[in-house]
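Here the structure comes first, spelled out in structure tokens, and everything after it is commentary.
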Amino acid sequence: MAGGDPARRLDGCRHGAADGALRRGKAARMQKRKKLKLWHWVLLGIVGAMLIAAAVNSLRNWAGIAIVTDTSAERLTLLEPDWRMVPASAPISDAGSVLLSGCDGVHDNMDYWAGVLAARGYPGLILDSHSPRGFDTLQTWRLLCMGQLLPGAERAGDIGVAMAETDAAEIVLLGVSHGGWSILEFLRQSSMGDLPPGLSDWPAPPDALNERVAAAIVFYPYCGVLNGAGEGDWSRMPPILMILAGQDELQVTPACKRMAATLRDLGAEVDLVVYDDAGHGFDQQERAPLSQLTYRPELRDASTEVVNAFLDRHGL
75 MAGGDPARRL DGCRHGAADG ALRRGKAARM QKRKKLKLWH WVLLGIVGAM LIAAAVNSLR
135 NWAGIAIVTD TSAERLTLLE PDWRMVPASA PISDAGSVLL SGCDGVHDNM DYWAGVLAAR
195 GYPGLILDSH SPRGFDTLQT WRLLCMGQLL PGAERAGDIG VAMAETDAAE IVLLGVSHGG
255 WSILEFLRQS SMGDLPPGLS DWPAPPDALN ERVAAAIVFY PYCGVLNGAG EGDWSRMPPI
315 LMILAGQDEL QVTPACKRMA ATLRDLGAEV DLVVYDDAGH GFDQQERAPL SQLTYRPELR
375 DASTEVVNAF LDRHGL
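Per the numbering used here, the sequence shown starts with residue 75, numbered consecutively.
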């Protein structure tokens with residue numbers, strides 16, 4: 075019959091339409107999968123680029139290449155407005171101790187230790203390296219903790235600038251975490267005459283600055299690959315007290331034990347104290363949001379006795 079069966083033609087049209095819809099649906103799903111795969115590779119590329127950038131930046135810090143270089147006068151102008159003395163009535167020229175915080179900035183432990191040293195006749199200059207540089211805003215300080223900003227070798231320049239403003243013949247340096255790292259770097263740099271990265275000139279003869287350091291006290295410092303303190307002659311260095319945490323969340327303790335051994339081999343006098351059940355920042359009560367670190371007042375008291383005994387032993 076001409077024209078065929080209408081019902082059969084209609085059924086064929088329906089099947090054709092259904093097949094077309096299936097093909098279009100399959101094509102749409104394939105297109106969606108392609109887009110998802112593309113975004114997958116884009117995200118992997120972004121993450122990879124970030125990791126490469128972080129690695130390159132860490133390599134820059136390891137090589138001692140600073141992004142910004144100041145004269146010692148410029149560094150003083152930057153830092154001095156945020157310096158604080160304990161007791162508050164003491165002038166900066168009377169500072170007998172210089173204190174450096176950890177990578178999270180100045181907190182209550184700085185005031186505590188400044189008070190301990192001031193009570194012994196060493197008024198404390200709390201050296202804030204963060205606020206003048208804006209590291210106390212938008213959680214920027216976390217990049218210091220990751221070794222991406224202001225490594226210890228660079229921050230060591232802040233110590234030299236601060237010491238040059240004091241008249242004290244003997245100065246005790248005390249630093250926690252990143253601050254302790256900076257102190258170790260400063261001792262090596264000043265003994266060898268090496269400029270800290272980011273500083274174009276010493277504010278005073280480096281050997282004279284080094285000789286004025288009567289003692290160095292460092293709590294749970296970073297001692298890893300970016301710490302370049304372990305070289306040179308340490309036989310004429312001031313005595314060092316290194317206090318470590320056996321349960322340090324940042325895992326710095328094994329490297330610091332090795333660093334202490336290295337410094338002793340280089341001639342340094344290093345007293346090493348390890349609190350087996352302490353964590354990183356055990357002497358600090360103020361905490362950043364989401365911090366997992368634990369304040370241990372009884373260990374802060376115990377370490378105070380250790381610090382006082384160490385200073386007594388060296389006539390300070």
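C-beta: ideal position from N, C-alpha, C; glycine also.
For Met316, the uninterrupted beta strand (DSSP E) segment begins and ends at 314-319. By the Cβ criterion, the region 359-374 is not in contact with the region 256-266, since fewer than three pairs of Cβ atoms, one from each stretch, lie closer than 8 Å. Counted as a single uninterrupted DSSP element, the stretch harbouring Met311 is not any beta strand (DSSP E), since DSSP gives it neither H nor E. Separation of Ser265 and Asp345 (C-alpha to C-alpha, rounded to the nearest whole angstrom) is 20 Å. Per the DSSP secondary-structure output, Leu273 pairs in a beta bridge with Asp144. With respect to the C-alpha of Ala230, the residue from Pro271, Met333, Ala193, Pro312 having the closest C-alpha is Pro271. Every beta strand (DSSP E) of 3 residues or more that sits fully in the region 164-204 is shown, in chain order, as 171-174, 198-201. With a cutoff of 8 Å on beta-carbon distance, Ala288 and Glu244 are scored as near each other. Within the same chain, and ignoring the five residues on either side of Arg332 in sequence, the residues whose Cβ sits closer than 8 Å to its Cβ are Cys297. Taking the Cα positions, Leu385 is about 28 Å away from Glu323. Contact annotation: the region 179-199 touches the region 236-250, with at least three C-beta pairs closer than 8 Å.
Between the alpha carbons of Thr327 and Gly170 lies a distance of about 29 Å.
In the pairwise beta carbon analysis, the region 202-212 is classified as not touching the region 370-378: fewer than three pairs are separated by under 8 Å. DSSP places Phe209 outside any beta strand (DSSP E), giving it a letter other than H or E. By the criterion of a C-beta distance shorter than 8 Å, Ser167 is surrounded in its chain by Glu239, Thr240, Asp241, once the five residues flanking it on both sides are discounted.
Asp339 sits in a helix when the DSSP states are folded into three classes. Inside the region 237-268, DSSP marks whole alpha helix (DSSP H) runs of 4 or more residues at positions 252-266, from first to last along the chain.
Distances from the alpha-carbon of Val180 to those of Gly195, Pro225, Leu199, Ala164 put Leu199 closest.
Secondary structure of Arg158 (DSSP, three-state): strand.
Ala383 counts as exposed, since fewer than 16 other beta carbons sit within 10 angstroms of its beta carbon. Note that the C-beta distance between Val348 and Gly304 is not below 8 Å. The residue among Asp339, Gln325, Pro312 with its C-alpha nearest the C-alpha of Cys219 is Gln325. Contact annotation: Ser175 and Val235 have beta-carbon atoms that are not nearer than 8 Å. By the neighbour-count criterion, in which 16 or more other beta carbons inside 10 Å mark a residue as buried, Arg98 falls on the exposed side.
Taking every protein chain shown into account, the CB of Gln358 has 16 or more other CB atoms within 10 angstroms, so this residue is buried. Looking only at Asn183, Asp182, Ile233, Leu173, the smallest Cα-Cα distance to Leu150 is reached by Ile233. Cβ neighbours of Pro313 within its own chain (closer than 6 Å, five residues either side excluded): Ala289, Glu343, His388. Between Asp182 and Glu360, the CB-CB gap stays under 8 Å. Looking only at Asp351, Ser309, Leu283, the smallest Cα-Cα distance to Asp339 is reached by Ser309.
Using a 10 angstroms sphere on the CB of Gln263, the tally of other CB atoms reaches 16 or more, which defines it as buried.
For Phe293, the enclosing beta strand (DSSP E) covers residues 287-293.
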